[in-house]
Amino acid sequence: NTGIVEVPMGITLGEIIYDIGGGVPHGKRFKSAQTGGPSGGCLTREQLNTPIDYQSLVELGAIMGSGGLICMDEDTCMVDVARFFMEFVQEESCGLCVACRLGTRRMLDILNRIVRGEGQEGDVERLIELGETVKDTALCGLGQTAPNPVLSTIRYFREEYDEHIRHKYCRAGVCQDLFLSPCENACPAGVNVPGYLALIAAGKPEDAYRLIRQENPFPAICGRVCTHPCESRCRRAQLDDPLSICDLKRYASDVAMAFGVPPEDPASTRRGKSVAIIGAGPSGLTCAYYLGRLGYDVTVFETESVAGGMLAFGIPEYRLPKAVLQREVEAIEQAGIRIRYGTEIGRDLSFETLRTLYDAVYIATGTQRSRRIGLEGEDLPGVHHGLDYLRDVNLGRGVRLAGTVAVIGGGSTAMDAARVALRNGADEVLVLYRRNLEDMPADLREIREAVEEGVRIHERVSPVRFEGDSRVERVVCQRMECVGFDKEGRRRPVPVEGDLATFSVDAVILAVSQYSDLPFVRPDEVELTSWGTFVVDPETHQTSLPGVFAGGDVVRGADIVITAIADGKHVASSIDRYLGGSGELDKGKKIDIPVPAEETDGSERPRLVPDNLDPKSRVEGFREVRQGYRAIEAVYEAGRCLRCDRR
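Written out as structure tokens, the structure is:
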């Protein structure tokens, strides 16, 4: 809802944006709001509870100005916003005082360099110094407030300036000199999305598979379980619908595997140095793959009897068939790496010994443990923890549930546990979530498919205890209401005093939080966060121990597969530099990308969604739910690409 709306002084920023403005459209997340026009300042998610009045805005580095409010979502680059407003101020500056006229011109020059990818170390400090000088010495209100957009965006979004300067990266995909296409820019692994879509459209899915694999050694897996941040930035959405990029990746991978496309040959030159990797999950295997291609002797140590980490025991087979995982693991092994199964560091081999035997170590153990929630009755028989339950089912340890099952949580693990319980004997599955449905962190498609299969979601209820005699029989929940906002911009749940809800159950699955179990390292020998994750150098991923690197969930906390893959690739480059190499990865031979015979006309061509199994037949077993594209469908869908990389 846009336009001129009179609001009372003291109303919060969140109330204006969500209750009056109707929220952020198209499912995007609120990022920032600019108050006071070009001379104003930005407010962030953390200020959604801030009352809007003259004094509070000044304290936050903004001004009321004419009362205008510009709302920005995740597709907005804050460096470009600062540049845009500084350009406006520069045009309006009268020139009667040097500070405003020349100071803002110098600031604009620096900002223009940064968005062109020509930023230098020290530019941010120069902007701060110039901005404060202009504010203190300008002779009129325009000059005294002109630096506000720059200073406030640096204050709240400093990391975006650093990314522009150090990595030539614009996370919003706005600064065109820093990327080729928005989808590739949004992919943490940097996969050439327009390239492989063009190859699929040209009838060359095997080449598309090879191209994907240059940046991501798990195309078939990511084609099934990736949360596809690339699709959220697809410009086709401005015409009709974004491309089904994830499903097209799966199509290319399935065709390539069906025809037996051979992986690249192992490195012919050996480096004479060895690397140990702890954990055969997506991050560890990715790092091993790229290091193996560079000629290092790589050994991966895996506690379980299968590789894949969360891919193997955390994702059900109806989403990721075991045969698909096994084929991609085998392809990685052909890069010359070794996987030692059933070997636990700290039990079978000490961490100290490992460090002496290998030239570098990468810790990629993930967040493989379910966190206890500390409620009364949590130890009753029939109360299971999400990851433990999924691990037992995926590894064939035969945990069957019956009757009514309550799943606590709203993330991917909760959705997986709920859908597995339906397939594993439960008559009814309830998901109990303490926030609103739209705030669930699980992928929207997973939520929709769970509901189709019969999972019932209860919003705004939070368990306070589990009751029962010899086993769990009831979940007592506190009803919640969502008021105000938390630091992530989500509605904050608070208890409704005296309002309890009781659910009769036969079993409970807790899927609330996960943590990393690191018994092989002592807290006094390596720096850890309060959450038990590793503190690493953001540029190299090296821990406080020389030669020991960490990445994936063991650094980030529970995250998505593609970021773990991206970390593994980044660490492979860092380890190569640490061991005397250039850091340049061997990604294989160049693949020619077809040039379209004619430009896409931009006419409406709706997205083609692959078929799913019927909901009733899904819950009868663990057959893969999504059926994928046929060749003619994939060619059509890939042909919808606007080829944003060709400009």
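Start counting the sequence shown at 1249; every next residue gets the next number (our numbering). By construction, the Cβ of each residue, glycine as well, lies at the ideal position given by its N, Cα and C atoms.
Scanning Asp-1893, Ile-1300, Arg-1891 and Gly-1887 for the CA closest to the CA of Lys-1452 turns up Gly-1887. Assignment of Ile-1252 by DSSP, reduced to helix, strand and coil, places it in the coil class. When DSSP states are grouped into helix, strand and coil, Ala-1449 belongs to the helix group. Note on geometry: alpha-carbon atoms of Thr-1652 and Val-1769 lie some 41 Å from one another.
Taking 8 Å as the cut-off, the Cβ atoms of Gly-1876 and Pro-1858 count as close. For Thr-1534, the enclosing alpha helix (DSSP H) stretches over residues 1530-1541. Sequence-distant Cβ neighbours of Arg-1588 in its own chain, meaning closer than 8 Å and more than five residues away, are Thr-1547, Val-1548, Phe-1549 and Glu-1550. The way I'd put it, the region 1522-1540 doesn't touch the region 1493-1501; fewer than three beta-carbon pairs between them come closer than 8 Å. Pairing Phe-1782 with Ile-1823 gives a Cβ-Cβ distance that is not under 8 Å.
Straight across, the Cα-Cα distance linking Thr-1324 with Leu-1291 is about 13 Å.
The beta carbon of Arg-1620 sits closer than 7 Å to the beta carbons of Glu-1626 from its chain, once the five residues preceding and following it are set aside; these are given in chain order. Beta-bridge partners of Val-1548 (DSSP): Ile-1525 and Ile-1587.
Counting C-beta atoms within 10 angstroms of its own C-beta, Pro-1794 has fewer than 16 neighbours from the protein chains shown and is therefore classed as exposed.
In the assembly as shown, Ile-1252 is an exposed residue. Its beta-carbon has fewer than 16 other beta-carbons within 10 Å. 8 Å or more divides the Cβ of Tyr-1457 from the Cβ of Pro-1465. In the DSSP assignment, Lys-1279 falls within the beta strand (DSSP E) that extends over 1278-1283. Here Pro-1395 is buried, its C-beta having at least 16 other C-beta atoms within 10 Å. With a cut-off of 8 Å on Cβ pairs, the region 1487-1498 is not in contact with the region 1552-1570, counting fewer than three such pairs.
The DSSP-derived three-state label of Asp-1640 is helix. For Leu-1487, the closest of Arg-1871, Glu-1852 and Asn-1860 by C-alpha to C-alpha distance is Glu-1852. Here Arg-1277 really is in contact with Asp-1321; their C-beta atoms are around 6 Å apart, less than 8 Å.
Between Leu-1856 and Ser-1492, the beta carbon gap of about 7 Å places them in contact (Cβ cut-off 8 Å). Measuring C-alpha to C-alpha distances from Pro-1286 to each of Arg-1293, Thr-1298, Leu-1685 and Ala-1310 identifies Ala-1310 as the nearest.
In the three-state DSSP reduction, Thr-1615 falls in the coil class, being neither helix nor strand. Annotation for Gly-1816: the continuous alpha helix (DSSP H) segment containing it runs 1809-1826. Residue state for His-1706 is assigned as strand, using DSSP reduced to three classes.
When the beta-carbon positions are compared, Leu-1387 and Leu-1350 stay at least 8 Å from each other.
DSSP, read as helix, strand or coil, puts Ile-1757 in strand. Here Ala-1504 has Glu-1454 and Tyr-1457 as same chain residues with Cβ atoms under 6 Å from its own Cβ, once five neighbours each way along the sequence are excluded.
Annotated three-state conformation of Arg-1874 is strand, per DSSP. Cβ-Cβ separation between Arg-1293 and Glu-1736: approximately 6 Å, consistent with a contact (criterion under 8 Å). In this model, Ala-1654 and Phe-1733 are separated by some 27 Å (Cα to Cα). Pairing Thr-1601 with Gly-1634 gives a Cβ-Cβ distance that is not under 8 Å. Secondary structure at Ile-1656: strand, using DSSP grouped into helix, strand and coil. Distance from the CA of Glu-1432 to the CA of Val-1441, rounded to the nearest whole angstrom, comes to 6 Å. Setting aside the 5 residues that flank it on each side, Asn-1642 is surrounded in the same chain by Phe-1561, each with a C-beta closer than 6 Å to its C-beta; the list follows chain order.
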